[in-house]
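Residue numbers (my numbering), protein chains in the order written: chain A, 80 to 432; chain B, 61 to 483. The block underneath contains the structure these notes are about, expressed in structure tokens.
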């Protein structure tokens, strides 16, 4: 019988109370960051509680505190320019969205003497970006997941300057080195109790990719997956070419992530998923309606249940329902509602089977 | 053809800026009904004196005397504070020497929100979402089964007042229909929504703006090229818009342009240029350019592709002048306070702007002859709101104007170019 669960696949939005506290601090209405700290902690605790209540396979802190998915690497990786501060780096658009990131500028061979994630500081909370001593102790026994930038996406999101050009003859060479960095990060994450790692490869849908790069990426994904006993997923957003679908299907990862609203499900079901788990993007992460009274209108649960049932016909080891991308495009209240809705759909699907 | 009239649009390298600027702190606090600390009042004194805006005590007195009870008095007072802010912005921009000035979005809280609040059919959320870092905005959501309609004029009041205080040619800038469409959350790719925005909101708004005296109008379209699949809809939307306003544009000799920034796909934009009768456009480039001086291809390689595309678009019939950003909006962060105070920062920026423009102008002159440099405008990458201190903003724009004047002078000496020329 197919197992159903859910997972978060990227940075979760900050709540409105937290954003207001950040504004107060940023605009000098309060000089102490204590209120921001408290609100950050509340946000993280509330999210983890929500995830434990919604059939989540592996709970997470929603990468709250990461200004963008590349940020700990942009700040900590050797061989990148910080131009005095990472906040001076150019701003680049995340393709197909109205959101932006600080572009890593490669000035030399990238390296890290210690773990990047071990070094990375939280922008407001004391200490390491992964260190959450305030979380309720009962959560420690849960499976934990985290989302990281995949090698393809990092290499395409970065820019190589003239100094970097002397080291990297092509972007693909950067992709190779970044994969090595990721492999060493997995050791650290394993030691910190993480069990599921979702690599965000969203940039893969936004350009046409040559066969040589696909072949190289296949090797790199395979090396990353084989390097660890952790459950490794490669997650994509938006419509994929059949070459990329095949790349995902051929990988030896624990799971692959596909936007099931923007890809042909029947085509996906016609392929052999090779016993992998499928992170199925079934809830549109970027949209909803309001009705004339201002009430929120989200996807109908019946439609999600039908989609989940169809996906259960695949050969996937497990169907992990998810938003189609990170939920950061919508306000936190809406994002949380979508997570709750996934939980309800899973309960119904499990009951029906 | 040499045009001897003094329309700044026909100037060699006319300078303008793009959009919003940081608001004077005292006006923000006053409008929020909060206490204004002495350092913010000192800032008012400083600027009123520097810009010769009149008695600073009058401004401070207005800011400090918020009506406490009467709603009508409060509304009048709020309008007076907004007028004060707008007059300040315009004087500040004029004092930098810009050829064409703007309001700095003095009356707008945020570019999307300002438009969406006056459009029936869009629900403005109370919660924010992230744009990047610690920057957030309130998204709008399409209301199901409610027709799109302009509830009120969106920008005309601001322009009407700006017209009264501006001494230099004034530009009107609005958030474009595609960006409103793209930034509004909606479950389906409902292109009719975009066309309704054009027909029901933007055509009437622009027509009224032109009748009100706007002669340089910029449609701010940062979302253009975000979704390449929307390209045809974008073109169709703007064809509708140009058709709807063409009589007014012609009658009043109004120049209509666009701005976009932070795109991975400028290639699309350049390919589309000949399809629409844009008079001008501005794009972000300094953000991706080197910060060292020089005018060779190697020094300024970030501009090269787009200059080639500009030539191609011109040869295919486009007469759109382009500002390929010469001033990074975060340039202040590359300098210490000491470097700003000593004038080193201004000098470095001035030289960088000069070199960026010289490279662009000489490239186009090489390909298109004398007309080439007249296809260029001089502008920052985007609105200067990220600049944290108004003094830095003033320094940056002054440096941009000075660097442009230097480039203009070098080009005239070297290439014998006239000061004005229409294309």
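Cβ atoms here follow ideal geometry from the backbone N, Cα and C, with glycine treated the same way.
Rounded to whole angstroms, the separation of the alpha carbons of residue 302 (chain A) and residue 196 (chain B) is 38 Å. Fully enclosed alpha helix (DSSP H) runs of no fewer than 4 residues occupy 397-402, 404-428 of the segment 380-467 of chain B, in order along the chain.
The segment 322-334 of chain B and the segment 366-379 of chain B touch, with no fewer than 3 CB-CB distances between them shorter than 8 Å.
In the DSSP assignment, residue 397 (chain A) falls within the beta strand (DSSP E) that extends over 397-402.
Taking residue 308 (chain B) as the centre and dropping the five residues before and after it, the same chain places the C-beta of 266, 267, 270, 271, 314 closer than 8 Å to its C-beta, in chain order. Membership of residue 179 (chain A) in the beta strand (DSSP E) is indicated by the continuous run 179-181. In this structure, the beta-carbon distance from residue 188 (chain B) to residue 198 (chain B) falls below 8 Å.
Membership of residue 203 (chain A) in any beta strand (DSSP E) is not indicated, and neither H nor E is assigned to it by DSSP. Membership of residue 184 (chain B) in any alpha helix (DSSP H) is not indicated; the residue belongs instead to the beta strand (DSSP E) covering 182-184. Separation of residue 239 (chain A) and residue 179 (chain A) (C-alpha to C-alpha, rounded to the nearest whole angstrom) is 18 Å. Proximity of residue 369 (chain A) to chain B, defined by a Cβ-Cβ separation below 8 Å, is satisfied. For a Cβ distance threshold of 8 Å, nothing in chain B lies close to residue 302 (chain A): the least Cβ distance comes to about 28 Å. The beta carbon of residue 272 (chain A) sits closer than 8 Å to the beta carbons of 219, 223 from its chain, once the five residues preceding and following it are set aside; these are given in chain order. In this structure, the beta-carbon distance from residue 348 (chain B) to residue 416 (chain B) does not fall below 8 Å. Residue 145 (chain A) sits in coil when the DSSP states are folded into three classes, being neither helix nor strand. The beta carbons of residue 399 (chain A) and residue 357 (chain A) sit closer together than 8 Å. Contact of residue 179 (chain A) with chain B is assigned, a C-beta pair being separated by under 8 Å.
At a cut-off of 8 Å between beta-carbon atoms, residue 169 (chain A) makes contact with chain B.
In this structure, residue 238 (chain B) sits near residue 283 (chain B), with a CB-CB distance shorter than 8 Å. Only those residues of the segment 320-331 of chain B whose C-beta falls short of 9 Å from the nearest C-beta of chain A are listed: 321, 322, 323, 324, 325. The beta carbon of residue 82 (chain A) sits closer than 8 Å to the beta carbons of 396, 397, 398 from its chain, once the five residues preceding and following it are set aside; these are given in chain order. Closest by C-alpha distance to residue 318 (chain B), out of B:277, B:102, B:462, B:306, is B:277.
At a cut-off of 8 Å, the C-beta of residue 321 (chain A) has no neighbouring C-beta in chain B.
DSSP places residue 313 (chain B) outside any beta strand (DSSP E), giving it a letter other than H or E.
Under the three-state reduction of DSSP, residue 228 (chain A) is assigned to strand. When DSSP states are grouped into helix, strand and coil, residue 370 (chain B) belongs to the helix group. Straight-line spacing of the CA atoms in residue 146 (chain A) and residue 168 (chain A) works out to 13 Å. Taking the Cα of residue 433 (chain B) as reference, the smallest distance to any Cα among B:481, B:207, B:144, B:406 is reached at B:481.
Judged by DSSP secondary structure, residue 422 (chain A) falls within the alpha helix (DSSP H) whose first and last residues are 411-431.
Within the segment 194-206 of chain B, contact with chain A at the beta-carbon level (separation under 8 Å) is assigned to 194, 196, 199, 201, 202, 203, 204, 205, 206. Assigned with DSSP and collapsed to three states, residue 340 (chain B) falls in strand. Shown here, residue 326 (chain B) sits in a helix according to DSSP, grouped into three states.
Listed along the chain, the chain B residues whose CB falls inside 8 Å of the CB of residue 175 (chain A) are 286, 287. Residues of chain A with a Cβ closer than 7 Å to the Cβ of residue 247 (chain B) are, in chain order, 363, 366, 367, 368. Counting only residues of its own chain and dropping the five nearest sequence neighbours on each side, residue 197 (chain A) has a CB closer than 7 Å to the CB of 207, 267. Taking the beta carbon of residue 373 (chain A) as reference, the chain B residues within 7 Å of it are 183, listed in sequence order.
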